[in-house]
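Report on the structure given below.
Right under this line is the structure:
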C-alpha cells in the first residue's frame, strides 16, 4: 500500500471564486505512483470548499451566484460580532455557511494510474472569504 500526502498552497484573487485544481490533483496522482486506489482532496479552511462540477464558466458563475443568494455577505448573522474567545471581530459568517453548503472534500477512484472523472467533471477549490493564501490536501492511497 502506497500513501502520498501533499499540501498544495494557492493564493486566491477574489472574495469569492472557483479555481480549477484538476490538473494539480492529476499531477499528485501521477507522482504518487499509485496504479489503483483513491485520491482524497480536502480544504484546510472553514470558509472555503471543494466542488466538483462541469468545467464551463457559466456553470461556475451560476454556482457562485446561487451561493450568494443562499448566504449573502450582508446578513443578520450571530457570528458577525466581537468574538469572546478570540479577541477579534467575526465578520465572515456568509463564507462559513457557503462552505457548509458545498462541503470541503471530494474523492475519486484511480485506475491504471489515472484519476477517474466523468467526461465533463472538474475539481474546484472554492474561495468564499478571499483573497487569501490557502492550502488544500491531496492524499493518494493505493497499490
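Residue numbers (my numbering): 6 to 148. Just so it is clear, CB atoms sit at the ideal spot from N, CA and C, and this is done for glycine as well. All values derive from a computational prediction rather than experimental measurement.
Since residue i and residue j are thought to touch, with beta carbons under 8 Å apart, how far apart are those beta carbons, to the nearest angstrom?
i: residue 27; j: residue 131; result: Actually they do not touch by this definition, with Cβ atoms about 14 Å apart.
i: residue 143; j: residue 11; result: 5 Å
i: residue 57; j: residue 126; result: 6 Å
i: residue 146; j: residue 68; result: No, residue 146 and residue 68 are not in contact; Cβ-Cβ is about 29 Å, not under 8 Å.
i: residue 19; j: residue 118; result: Their Cβ separation, rounded to whole angstroms, is 34 Å, which puts residue 19 and residue 118 out of contact at 8 Å.
Can you list, in chain order, the residues of its chain with a C-beta nearer than 7 Å to that of residue i? Leave out the 5 residues immediately preceding and following it.
i: residue 48; result: 54, 55, 109, 130, 141
i: residue 122; result: 113
i: residue 30; result: 44, 46, 120, 128, 143
i: residue 60; result: 25, 125, 127
Can you look up residue i in the DSSP assignment and give me helix, strand or coil?
i: residue 138; result: strand
i: residue 19; result: coil
i: residue 7; result: strand
i: residue 39; result: coil
i: residue 144; result: strand
i: residue 116; result: strand
i: residue 52; result: coil
i: residue 67; result: helix
Say yes only if the C-beta of residue i is nearer than 6 Å to one or more non-hydrogen atoms of the ligand SAM, and no if none qualify.
i: residue 105; result: Judged by which ligands are present, the structure shown has none, so any question about the ligand SAM falls away.
Suppose the cutoff is 8 Å on Cβ atoms and the five residues either side in sequence are ignored; what does the same chain contact list for residue i look like?
i: residue 139; result: 14, 15, 16, 17, 48, 49, 50, 53, 130, 132
i: residue 7; result: 37, 38, 39, 42, 145, 146, 147, 148
i: residue 83; result: 98
Here's a check: name, in chain order, each residue in its chain whose Cβ is nearer than 6 Å to the Cβ of residue i, leaving out the five neighbours to either side.
i: residue 78; result: 99
TODO: Answer yes if the stretch 35-42 comes into contact with the stretch 96-110, meaning at least three C-beta pairs across the two stretches below 8 Å, and no otherwise.
DONE: no
Task: Segment contact flag, the stretch 17-25 with the stretch 112-130, C-beta cutoff 8 Å, min 3 pairs - done: yes
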